[in-house]
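One structure below.
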Amino acid sequence: MLTIRPATFEDLDAITEIHNDAILNTVATFDTEPKILEEQRVWFANHVPKYPILVAERGGLVIAWASLSKWSEKHAYSKTTEGSLYVKKEYRGQGIGKRLLKAVIQEGKKAGFHSVMARIAEGGEASIHLCESVGFEHIGVMKEVGRKFGKLLDVHLMQKIL
Ligand SMILES: CC(C)(COP(=O)(O)OP(=O)(O)OC[C@H]1O[C@@H](n2cnc3c(N)ncnc32)[C@H](O)[C@@H]1OP(=O)(O)O)[C@@H](O)C(=O)NCCC(=O)NCCS
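For this note's numbering, count along the sequence shown from 1 and bump the result up by 2.
As structure tokens, then:
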């Protein structure tokens, strides 16, 4: 059974482990250095309660997380937010990402956000497909805006109006 619930401070170790695997091994995030718990505590404190962080738990194990974050420091953007979604490697392809993404979008609606953005690096077909399946539209491509693992990367910009 899968439980989706708001993250707590106690989930930060599991969230960090999932995130760090993606940082070190994928272009899903343009972070390049693994996160340490201290940074994650600041990240958590800056999100909750205004910006949701959800975890998916199975058998007492946190196996995925999703969040909405501030899109810009500029106040006029305050109803726009950016989604993040990470599923632990061995649990991908089982529908968990989709359930969690839908749940975090629901939280975003409740919190009164108007627009959710997603930035997806080239090669992220699974993420693009997933976003489209829950109503995101493809806005455009930012060409060669990142460099990771020695390669310049395009980023797809997607958006869902809530
Ligand atoms: C992208 C990610 C979150 C998807 O989560 P997931 O639990 O594996 O996805 P789901 O099983 O819910 O699948 C959702 C949809 O994507 C499709 N999909 C899954 N993996 C796919 C792949 N490799 N290629 C194409 N489509 C794929 C599924 O078929 C499903 O489509 P459907 O609803 O039409 O059947 C997960 O692979 C992940 O954590 N990747 C690393 C981090 C990452 O890329 N995060 C997103 C950053 S924007």
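Where a beta carbon is used, it is the ideal one built from N, C-alpha and C, also for glycine.
Say yes only if the C-beta of residue i is nearer than 6 Å to one or more non-hydrogen atoms of ligand 1, and no if none qualify.
i: Ser80; result: no
Where does the unbroken alpha helix (DSSP H) through residue i begin, and where does it stop?
i: Gln161; result: Note, Gln161: premise wrong, no alpha helix (DSSP H); beta strand (DSSP E) at Lys153 to Ile163.
i: Trp73; result: Unbroken run through Trp73: none, as it is neither H nor E.
i: Val57; result: That residue, Val57, is in no alpha helix (DSSP H); its beta strand (DSSP E) goes Ile55 to Arg60.
i: Ile25; result: Leu14 to Asn27
i: Ala30; result: Element bounds for Ala30: n/a, residue is neither H nor E.
i: Val44; result: Leu39 to His49
For residue i versus residue j, is the C-beta spacing smaller than 7 Å?
i: Leu159; j: Gly148; result: no
i: Gly99; j: Val89; result: yes
i: Glu139; j: Gln108; result: no
i: Lys36; j: Val106; result: One detail in the question is off: residue 36 reads as Pro in this sequence, not Lys. Not closer than 7 Å, so no.
i: Val157; j: Arg121; result: yes
i: Gly110; j: Val118; result: yes
i: Val136; j: Leu103; result: yes
i: Ala78; j: Ala66; result: no
i: Leu70; j: Thr82; result: no
i: Lys150; j: Val29; result: yes
Could one say the Cβ of residue i lies closer than 7 Å to chain C's Cβ atoms, at least one of them?
i: Ile98; result: Given the protein chain composition of this structure (a single chain), no chain C is represented.
Starting from residue i, trace the beta strand (DSSP E) in both directions and tell me its first and last residue.
i: His140; result: Glu139 to Lys150
i: Thr5; result: Leu4 to Pro8
| Test item, CB below 6 Å from any non-hydrogen atom of ligand 1 | A residue is listed when its beta-carbon falls short of 6 Å from at least one non-hydrogen atom of ligand 1; in chain order these are Ala24, Thr28, Ala30, Leu87, Tyr88, Val89, Arg94, Gly95, Gln96, Gly97, Ile98, Gly99, Lys100, Ala120, Ile122, Gly126, Glu127, Ala128, Ser129, His131, Leu132 and Ser135.
| request: Any chance you could list the alpha helix (DSSP H) runs of at least 4 consecutive residues sitting entirely within the segment 88-144, in chain order? | output: For the segment 88-144, whole alpha helix (DSSP H) runs of length 4 or above, ordered along the chain, are 98-112 and 127-135.
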